[in-house]
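Okay, so here's the structure we're looking at.
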Amino acid sequence: MEIIKPAGDKAEQPASSSLVTTSTGQSATLNALSYVQTKVVPLRADHLERNRIVAYNKNSSMGGAFDLLRTQVLKAMEENGWRTLAITSPTPDSGKTVLAINLAMSIAHHTTKTALLVDFDLRRPKVGACLGLPMEKSLNELLADEAELQDVLVNPTLPRFVVLPTREPIPLSTEVLSSPAVSHLISDLRDRYNSRIVIFDLPPVLSSDDVITVLPKFDCVLLVVANGMNSKKEIEESLHHLANANLIGTVLNKAEPQNRSYY
Numbered sequence: 020m021e022i023i024k025p026a027g028d029k030a031e032q033p034a035s036s037s038l039v040t041t042s043t044g045q046s047a048t049l050n051a052l053s054y055v056q057t058k059v060v061p062l063r064a065d066h067l068e069r070n071r072i073v074a075y076n077k078n079s080s081m082g083g084a085f086d087l088l089r090t091q092v093l094k095a096m097e098e099n100g101w102r103t104l105a106i107t108s109p110t111p112d113s114g115k116t117v118l119a120i121n122l123a124m125s126i127a128h129h130t131t132k133t134a135l136l137v138d139f140d141l142r143r144p145k146v147g148a149c150l151g152l153p154m155e156k157s158l159n160e161l162l163a164d165e166a167e168l169q170d171v172l173v174n175p176t177l178p179r180f181v182v183l184p185t186r187e188p189i190p191l192s193t194e195v196l197s198s199p200a201v202s203h204l205i206s207d208l209r210d211r212y213n214s215r216i217v218i219f220d221l222p223p224v225l226s227s228d229d230v231i232t233v234l235p236k237f238d239c240v241l242l243v244v245a246n247g248m249n250s251k252k253e254i255e256e257s258l259h260h261l262a263n264a265n266l267i268g269t270v271l272n273k274a275e276p277q278n279r280s281y282y
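When you line the sequence shown up against the numbering used here, it's residues 20 to 282, in that order.
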């Protein structure tokens with residue numbers, strides 16, 4: 020997995036330090052950040068492994084590709100003052116959700132950033148299921164005015180990482196994503212904390228008009244292409260739809276890893 024096309028020019032609560040248990044079983048300090056109103060949910064290592072979530076364990080050798088991607092993404096975002104990142108793909112099953120989760124976790128391991136991952140694939144939400152999160156209240160209730168933001172955010176016991184899941188598909192997704200309520204939510208999530216990077220897992224760009232509708236509301240976008248699955252025509256058509264966005268780059272996913280020597 021690597022970026023193969025460079026970009027062109029174009030409610031956690033602050034409190035006193037608290038301790039949580041990481042995937043390695045050790046205690047870690049949250050750098051003067053604790054989760055007072057945000058629900059804290061432990062994750063199961065076996066569930067994460069089955070869903071190819073490898074970046075949870077900071078010491079895992081399999082997370083190196085996501086750490087490299089994190090460094091490239093954060094560099095581009097910091098240079099431009101961007102804090103909201105949309106992730107999409109040409110078609111379904113390109114691995115964009117798994118990549119979004121691993122990237123958000125890798126960013127959370129970055130000592131100066133917090134990461135918030137939002138499931139905006141309203142037709143086929145998968146973030147919560149991939150992480151194994153309970154979702155009694157989610158984006159569904161938030162958009163229906165049946166819950167407050169602090170009621171639907173989840174901290175999966177990883178310091179500086181928060182998730183806003185979507186439990187089930189939302190009807191009329193294009194209309195919902197174009198609504199003032201969603202615009203206000205995106206702005207609120209972006210502007211509440213200067214150190215926060217907000218990642219939005221979007222639907223595939225060619226599957227509906229959802230992405231085209233909501234894309235102008237984000238600072239930048241990352242395109243995930245599946246090796247051997249997405250045709251040249253699909254990639255070109257996706258890039259055409261993203262032409263007016265700040266495209267950070269294109270990630271080639273599901274490719275065979277290359278053996279690299281240290282020297």
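Every residue, glycine too, gets a C-beta built ideally from N, C-alpha and C.
Identity of the residue in the options nearest residue i by Cα
i, options, result
"E155", "H259, E187, S198, L122", "E187"
"I202", "L234, A166, S113", "Checking the sequence shown, residue 202 turns out to be Ser, not Ile. Taking only the C-alpha atoms, the option nearest S202 is L234."
"V117", "A74, N159, S79, A134", "A74"
"N265", "E255, K251, L241", "L241"
"A127", "V181, S113, H260", "V181"
"A134", "L258, F237, V243, V217", "V217"
"G291", "T57, D112, T107, K58", "With the chain running from 20 to 282 in the structure shown, residue 291 is simply not present."
"E194", "H66, I231, F237, D207", "I231"
"R71", "V243, G114, G147", "G114"
"V243", "N263, P199, S108, P184", "S108"
Per DSSP, cross-strand counterpart(s) of residue i
i, result
"C239", "L104"
"L215", "The sequence shown places Arg at residue 215, not Leu. R215 is bridged to T133."
"L183", "V137"
"L266", "V240"
"K58", "V173"
"A245", "N272"
"D220", "I106, D138"
Residue i (DSSP reduced to helix, strand or coil)
i, result
"N272", "strand"
"F85", "helix"
"D112", "coil"
"D207", "helix"
"N99", "helix"
"L52", "Because the pLDDT of L52 is 45, which lies under 50, any placement of that residue in the model is unreliable, and the number read from its coordinates should be weighed accordingly. Note: L52 maps to strand in three-state DSSP."
"D228", "coil"
"N121", "helix"
Rounded separation between residue i and residue j - CA only
i, j, result
"F139", "R179", "20 Å"
"A64", "R143", "24 Å"
"N213", "T103", "11 Å"
"N99", "G82", "26 Å"
"D220", "S79", "24 Å"
"E68", "A84", "16 Å"
"H129", "A119", "16 Å"
"G268", "R89", "12 Å"
"Q91", "E97", "10 Å"
"R215", "R209", "7 Å"
"L150", "V60", "10 Å"
"V270", "L161", "31 Å"
"F205", "I189", "Rather than Phe, the amino acid found at residue 205 in this sequence is Ile. So the two alpha carbons sit approximately 17 Å from each other."
Any chain D beta carbon closer than 7 Å to residue i
i, result
"V73", "Considering every chain present, this structure includes no chain D. It has just one protein chain."
| Does the pairing of the stretch 155–170 with the stretch 119–130 give three or more beta-carbon distances under 8 Å? | no
| query | Between the stretch 221–231 and the stretch 251–263, do three or more beta carbon pairs fall short of 8 Å? | reply | yes
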